[in-house]
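Presented below is the structure to which this report refers.
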Amino acid sequence: MAVIGKDIKEAIEILKSGEVIGMPTETVYGLAGNAYNTEAITKIFTVKNRPTFDPLIVHTSSIERVHEFVSEIPEKAQLLAKHFMPGPLTLLLPKKDVISDLVTSGLDTVAVRIPNHPLALQLLENLDFPLAAPSANPFGYISPTSAQHVDNQLGDKIKYILDGGECKVGIESSIIGFFDGEIVVLRKGGLAIEEIEAIVGKVRIEEHSSSNPKAPGMLKSHYAPRTQLLFTGDLLLAHEDTKLIGYLGFDKFHTSIPQENQLLLSPAGDLNEAAKHLFAYMRLLDARGFDKIYTDLLPEKGLGRAINDRIKRATTQE
Ligand code: TXA
Ligand code: MG
Numbered sequence: 055m056a057v058i059g060k061d062i063k064e065a066i067e068i069l070k071s072g073e074v075i076g077m078p079t080e081t082v083y084g085l086a087g088n089a090y091n092t093e094a095i096t097k098i099f100t101v102k103n104r105p106t107f108d109p110l111i112v113h114t115s116s117i118e119r120v121h122e123f124v125s126e127i128p129e130k131a132q133l134l135a136k137h138f139m140p141g142p143l144t145l146l147l148p149k150k151d152v153i154s155d156l157v158t159s160g161l162d163t164v165a166v167r168i169p170n171h172p173l174a175l176q177l178l179e180n181l182d183f184p185l186a187a188p189s190a191n192p193f194g195y196i197s198p199t200s201a202q203h204v205d206n207q208l209g210d211k212i213k214y215i216l217d218g219g220e221c222k223v224g225i226e227s228s229i230i231g232f233f234d235g236e237i238v239v240l241r242k243g244g245l246a247i248e249e250i251e252a253i254v255g256k257v258r259i260e261e262h263s264s265s266n267p268k269a270p271g272m273l274k275s276h277y278a279p280r281t282q283l284l285f286t287g288d289l290l291l292a293h294e295d296t297k298l299i300g301y302l303g304f305d306k307f308h309t310s311i312p313q314e315n316q317l318l319l320s321p322a323g324d325l326n327e328a329a330k331h332l333f334a335y336m337r338l339l340d341a342r343g344f345d346k347i348y349t350d351l352l353p354e355k356g357l358g359r360a361i362n363d364r365i366k367r368a369t370t371q372e
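Under this note's numbering, the residues of the sequence shown are numbered 55 to 372, in order.
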């Protein structure tokens with residue numbers, strides 16, 4: 055198992071040696087390595103068992119430092135950066151040659167993020183290279199929102215996990231690209247569309263799929279727990295043994311399923327709280343050994359949109 059600790063110096067030493075570590079951010083934990091070191095990047099793909107056609111996000115500590123590896127920041131991107139960086143936002147920007155094709159899977163743009171987490175920022179400020187970091191989960195599984203989640207899944211493959219506590223946002227960053235002057239949301243995430251549109255006006259939301267070349271990693275079946283996750287819509291409870299059924303709800307218990315089998319993302323009906331709990335609660339229910347877990351969509355507003363996106367990807371696809 056990996057060492058879980060808060061020792062920034064240790065984390066820096068390991069990263070400088072070309073190794074990878076678990077790193078906290080406000081969205082989810084990342085599997086971080088030197089973005090300028092091909093060996094470290096290769097390790098990230100190997101440890102995660104991630105196909106190399108799925109590019110990585112590069113993390114740094116300030117907008118000034120973004121210029122080290124990005125050739126140009128469009129005006130609208132600067133505006134978004136000013137308002138939301140550090141924060142749960144990733145911008146796709148034209149890359150400089152210091153970023154290898156391995157990081158971007160051959161694309162001309164690099165995904166850039168400044169995490170809003172004190173320990174992550176302290177780490178990045180003390181390194182003279184940015185950190186490439188995908189979410190620290192095996193490819194296709196739920197993202198980790200605590201150091202323990204990372205250890206459970208990747209602990210035998212990495213030495214160190216920097217412990218920054220539970221992630222405050224709980225779902226991955228919103229990814230935004232700029233194509234022919236148009237602003238496109240490629241992944242709904244921890245920054246609500248409403249907040250983005252309040253600054254730059256109407257944006258286009260692009261449905262992600264494996265066939266979408268702009269976001270090659272957005273496979274349809276993603277974020278999946280091991281237990282079958284289904285919507286209650288066609289739940290025929292009369293035919294089910296409800297003892298063996300779990301339920302992941304928003305703010306109300308399901309009346310036909312035993313309450314001890316249920317978790318509510320936010321009894322108060324708060325979408326931000328629901329986002330924070332989403333992946334952790336999926337994991338808790340997944341560990342209970344149910345035959346099936348049922349769920350329902352949340353209100354399609356604020357972070358509810360990103361939560362619904364994750365739930366749809368996690369439900370069993372016919
Ligand atoms: O919140 C987050 O963004 C977390 C934390 C650790 O920062 N990171 C994260 O990384 O979610 P990952 O690798 O799990 O998801 C990155 C997504 C992938 O779907 C990938 O396809 C997309 O970003 N991506 C990366 N670079 C891209 C690019 N140049 N163009 C289009 N999509 C890109
Ligand atoms: Mg991921």
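Think of the CB as a built atom: it goes at the ideal place given N, C-alpha and C, for glycine as much as any other residue. Here the structure is a predicted model, which is why all the values come from computation and not from measurement.
Asked	Found
Using only the alpha-carbon positions, how far apart do Val157 and Ile215 sit?	22 Å
Specify the secondary structure class of Asp363 as computed by DSSP and reduced to three states.	helix
To which residues does DSSP link Glu236 through a beta bridge?	Phe233
Quick one: what does DSSP say Met336 is sitting in, helix, strand or coil?	helix
Output the boundary residues of the alpha helix (DSSP H) element that contains Asn206.	Ala201 to Leu208
What separation, rounded to the nearest whole angstrom, lies between the Cα atoms of Lys149 and Phe333?	32 Å
When the Cα of His171 is compared with those of Phe193, Cys221 and Tyr195, which residue comes out closest?	Cys221
If we ignore side chains and look at the alpha-carbon of each, how far apart do Leu295 and Phe285 end up?	Residue identity check: residue 295 is Asp in the sequence provided, not Leu. So the two alpha carbons sit approximately 17 Å from each other.
Can you tell which of Ile365, Ile299, Asp305 and Val57 has the C-alpha that lies nearest to the C-alpha of Arg342?	Ile299
Which stretch, first to last residue, makes up the alpha helix (DSSP H) that contains Ile247?	Ile247 to Val254
Just how far apart, CA to CA, sit Leu133 and Ala201?	33 Å
Taking only heavy atoms of the ligand MG into account, decide whether any of them is closer than 8 Å to the Cβ of Pro188.	yes
Am I right that Ile347 and Leu318 are in contact with their C-beta atoms under 8 Å? What's the rounded C-beta distance?	Their Cβ separation, rounded to whole angstroms, is 14 Å, which puts Ile347 and Leu318 out of contact at 8 Å.
For Pro148, does the three-state DSSP call read helix, strand or coil?	strand
Between Glu226 and the ligand MG, is there a pair consisting of the residue's CB and a ligand heavy atom that are separated by less than 8 Å?	yes
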